[in-house]
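Under our numbering, the first residue of the sequence shown carries the number 17, and numbering increases by one thereafter.
Quick reminder that beta carbons are idealized off the backbone N, C-alpha and C, glycines included.
Worksheet: the structure to be examined is printed underneath.
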Amino acid sequence: MFTLKIFSEVSLDPIIIFLIEECFAVKSAITKTPKKNWLKTSNVNFSPVKINKFIVTSSFFANSIKQNRFSLTIDASLAFGTGHHYSTKFCLELIQELKKRKNNPLTVIDVGCGTGILAIAIAKLFSSRIIAVDNDIHAVEMAKRNIVVNKVSQYVKVYKSTGLIGNHLNSRAKYDLVVANILYNPIKSMMRSIIENLSNGGSLILSGLNLKQTKHLKEISKQFRLKVINEKKEANWGALLLKKI
Ligand SMILES: C[S@@+](CC[C@H](N)C(=O)[O-])C[C@H]1O[C@@H](n2cnc3c(N)ncnc32)[C@H](O)[C@@H]1O
């Protein structure tokens, strides 16, 4: 038994409905969804979240919360990254772990920046020079807006790019910190270029992994001259803080 939901801005042609019913052997029901600004609604519905010192709020709630250097005003609309998901939460925790260890990265790349939440957090904590990239144009646009709202434009530059290779990126650049909260497969396939672009003694935060994948990356970390410094685990999600040795 399964449900197939199709959303359309225009009424579907009865012939198309008939074909869908025939192809999927289903009976259809048509309902009207209320007219709403869905993007605005998603921002409004996202409640403030505290991750150690950081407080993440959407711009809708920002005025009702006392702002300080750890406040992150993040609107998401079609991009990922509000701090509610374990993968983002772990990264924000591990970024603060670096601060605790007095490890202040001067140059950073955030691969798969989504809303720009991690790049913004790093800018606020370390005032580093940060490149944020995403292969999704919606994310790039949202990250650019959030960077302006958070007044960190002088620190963060955003580009559309797949991995660390893009028109605007210097493939020989060395970063003191690489953050990649993307899934296991893209992480694995870009591992070599990540290591090449990580300075000696540099830090690497990997997230968006399940526990099995986290364990596997830990096992192969030595192969990549990486040492595990810290690890986060919760609800089958995992993240690693590694150091290039
Ligand atoms: C899980 S979201 C992380 C967003 C944000 N960094 C956070 O921590 O919440 C992953 C993002 O990576 C982007 N992405 C996935 N594969 C990528 C790749 N190979 N290169 C660049 N961006 C990628 C997706 O478009 C998405 O915005």
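What is the DSSP secondary structure of residue i, counted as helix, strand or coil?
i    : result
Y171 : coil
S187 : coil
L134 : helix
V165 : helix
V72  : strand
S205 : helix
S219 : strand
L225 : strand
L233 : helix
I36  : helix
V156 : helix
K238 : helix
I67  : strand
E212 : helix
I147 : strand
I22  : coil
Measure the Cβ-Cβ separation of residue i and residue j and say whether it is below 8 Å.
i    : j    : result
V168 : I125 : no
N201 : S223 : no
P64  : F77  : yes
A92  : F62  : yes
L185 : I138 : no
S44  : I32  : no
L180 : M206 : yes
K176 : I153 : yes
V244 : K231 : no
V195 : C107 : yes
K115 : L141 : yes
I90  : S74  : yes
Starting from the C-beta of residue i, find all residues in its chain whose C-beta is less than 7 Å away, skip the five residues before and the five after it, and write them out in chain order.
i    : result
Y191 : T123, V124, I125, N213, L214, S215 and G218
E113 : N246 and L257
S209 : G179, L180 and I181
L110 : I221, N246, K248, A255 and L257
D150 : G128, C129, G130, V156, A159 and K176
A189 : N213
E250 : Y102
In its own chain, which residues sit with a C-beta less than 6 Å from the C-beta of residue i, not counting the 5 before and 5 after it?
i    : result
I15  : Residue 15 is absent from the structure shown; the chain starts at 17 and stops at 261.
G97  : T104, G130, T131 and I133
K225 : The amino acid at residue 225 is misidentified as Lys; the sequence shows Leu. Counting only Cβ-Cβ distances below 6 Å, and skipping sequence neighbours, we find Y200 and G254.
Which same chain residues, not among the five before or five after residue i, have their C-beta less than 8 Å away from its C-beta?
i    : result
K69  : F86 and Q112
L242 : I211, L220, L258, K259, K260 and I261
S144 : N120, P121, L122, T123, V124, I138, Y171, D192 and L193
R161 : D91
Does chain C have any CB closer than 8 Å to the CB of residue i?
i    : result
L180 : Absence of chain C from the displayed structure is noted, only one protein chain being present.
Can you check the segment 75-141 for any alpha helix (DSSP H) of at least 4 residues that lies completely inside it and give the ranges in chain order? 75-78 and 102-116
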